[in-house]
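These notes are about the structure you will find just below.
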Amino acid sequence: MVEVGVYYLLFGLVGLLTVYLIRIMGLLSSTDRRREAAPQGLIVTLVVLGSGGHTAEMMQLTYKLSPERYKITYVLATSDKTSIGKVEAVLGRALLSHEVAKIPRSREVGQSWVTSIFTTAYAGVASFFLVITTQPSLVLANGPGTCLPICTATFALRAAGILDSRIIFCESFCRIQSLSLTGRLLYFIADRFVVQWPQLVRR
10 MVEVGVYYLL FGLVGLLTVY LIRIMGLLSS TDRRREAAPQ GLIVTLVVLG SGGHTAEMMQ
70 LTYKLSPERY KITYVLATSD KTSIGKVEAV LGRALLSHEV AKIPRSREVG QSWVTSIFTT
130 AYAGVASFFL VITTQPSLVL ANGPGTCLPI CTATFALRAA GILDSRIIFC ESFCRIQSLS
190 LTGRLLYFIA DRFVVQWPQL VRR
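Here the numbering used here is used: the first residue of the sequence shown is 10, the next is one more, and so on.
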């Protein structure tokens with residue numbers, strides 16, 4: 010009797026996994042998601058920041074977004090000591106209209122690939138929790154490694170039917186001849202993928 014129960018459980022798990030994979034393949038192959046109109050009402054938005062130039066570029070892209078239209082949560086790595094200062098410098102008192110969330114960094118500069126497996130898993134769990142609690146309609150990213158677990162969690166939850174969110178990836182201005190590693194990884198799950206140089210469009 011126990012063996013029959015185990016078989017039913019395995020069969021059910023395989024069925025659920027199959028349905029989930031079909032859903033993922035449907036999302037990856039869909040072109041309609043790239044042509045959807047903006048949702049009505051307040052747009053809950055996660056803006057993923059990275060230290061250095063990534064943050065400066067993202068602030069240029071987002072600092073004029075109206076708080077009446079966008080409820081923004083700026084996401085940065087816990088070890089990022091510079092981004093919040095840049096956000097404050099650009100937004101000033103307007104920062105009070107937004108929120109700031111921190112997640113663990115998947116991999117620090119110089120960190121070994123072996124130990125990064127564990128830190129990436131930790132960052133992934135934190136990202137899932139953040140995405141579930143904030144329920145974003147939109148995720149904006151431009152290349153820092155911090156955005157990988159956030160975008161992956163958003164796509165996975167959308168594929169599971171838990172979340173209705175869209176991902177916009179804007180490749181960094183400094184990527185002239187080729188896409189960044191993050192861009193290559195997120196190209197297939199981003200609903201809109203933006204590059205800033207014509208030669209990248211051709212690629």
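Built from N, CA and C at the ideal position, the CB exists for glycine as well.
Values in this document were obtained by computation on a predicted structure and should not be read as measured data.
Notebook entry, point to check: What three-state label does DSSP hand residue 147 in the structure shown?
Noted result: strand
Item checked: Straight-line Cα distance separating residue 55 from residue 8 -> Given that the chain is displayed from residue 10 to residue 212, the structure contains no residue 8 and the question cannot be resolved.
Notebook entry, point to check: Distance, Cα to Cα, residue 67 vs residue 193?
Noted result: 19 Å
Notebook entry, point to check: What are the start and end residues of the beta strand (DSSP E) that includes residue 80?
Noted result: 79-86
Checklist line | For residue 64, the three-state DSSP class (helix, strand or coil) | finding: helix
Note to self: Give me, in chain order, the residues of the same chain whose beta-carbon lies closer than 6 Å to that of residue 149; leave out the 5 immediate sequence neighbours on both sides.
What the structure shows: 56, 177
Check: Quick one: what's got a C-beta closer than 7 Å to residue 137's C-beta in the same chain, skipping five residues either side?
Finding: 162
Item checked: Delimiting residues of the beta strand (DSSP E) encompassing residue 54 -> 52-57
Check: Between residue 100 and the rest of its own chain, which residues show a CB-CB distance below 6 Å, the 5 nearest in sequence each way excluded?
Finding: none
Margin query: Which of the three DSSP states is assigned to residue 178 in this structure?
Written below: strand
Note to self: Can you look up residue 199 in the DSSP assignment and give me helix, strand or coil?
What the structure shows: coil
Checklist line | Local Cβ density within 10 Å of residue 197, reported as buried at 16 or more and exposed below that | finding: exposed
Check: Does DSSP classify residue 111 as helix, strand or coil?
Finding: strand
Margin query: Which same chain residues end up closer than 6 Å to residue 51 when comparing Cβ atoms and leaving out the 5 residues on each side of it in sequence?
Written below: 80
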